[in-house]
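In the numbering used here, the protein residues as written are 31 to 214.
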């Protein structure tokens with residue numbers, strides 16, 4: 031088992047040689063828990079992780095309000111491919127109509143995760159995934175050969191990586207309500 035992190039950063043615990051049954055029996059409110067290849071990863075999000083997630087949520091809500099797009103939150107709902115993969119996204123939504131799986135999942139990777147998170151989402155067949163790493167966001171869309179990178183969102187047309195990165199970095203440390211000034 032390995033744990034790292036500080037109060038403002040994330041704390042990660044990795045448990046190896048586990049089973050699917052052990053994974054689904056866990057009840058860890060306020061933690062992000064994932065499973066892959068017998069490894070359970072438990073993320074206790076730090077303050078900065080939560081702030082970035084809230085800014086991205088605010089951006090999605092403001093964009094949808096401005097463009098009259100219905101949205102249905104998934105947020106930390108556990109997404110599963112029975113017996114194989116399990117993942118709790120930081121932010122997740124369906125657009126236009128409610129569905130069994132979200133159209134978009136967002137991962138904030140400050141001290142954990144990486145582009146390898148896409149592998150988990152690939153098994154779950156999530157159409158679009160956004161990854162926040164190194165103070166910027168990247169968009170990925172799922173296709174026949176896995177995920178490919180985009181600069182403009184498929185799920186939210188005309189929303190670009192550069193625009194989200196600019197908004198989050200400009201608002202960081204300020205009220206989440208600051209996001210709205212970028213949409214009106």
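The beta-carbon is built from N, C-alpha and C at its ideal position, and this holds for glycine as well.
Item: Nearest neighbour of residue 192, chosen from 162, 177, 172 [CA to CA]; Value: 162
Item: Nearest to residue 114 (by Cα), restricted to the options 185, 154, 165, 179; Value: 154
Item: Counted within 10 angstroms of its Cβ, other Cβ atoms place residue 83 as buried (16 or more) or exposed; Value: buried
Item: Classification of residue 136 by the beta-carbon crowding that lies within 10 angstroms, buried from 16 upward; Value: buried
Item: Residue 117 to residue 88 span [Cα, whole Å]; Value: 22 Å
Item: Boundaries (first-last residue) of the alpha helix (DSSP H) holding residue 83; Value: 77 to 96
Item: Neighbourhood of residue 86 by C-beta, 6 Å cutoff - its chain only, sequence neighbours within 5 removed; Value: 121, 136
Item: Residue 32, DSSP secondary structure in three states; Value: Because the pLDDT of residue 32 is 34, which lies under 50, any placement of that residue in the model is unreliable, and the question is left without a value.
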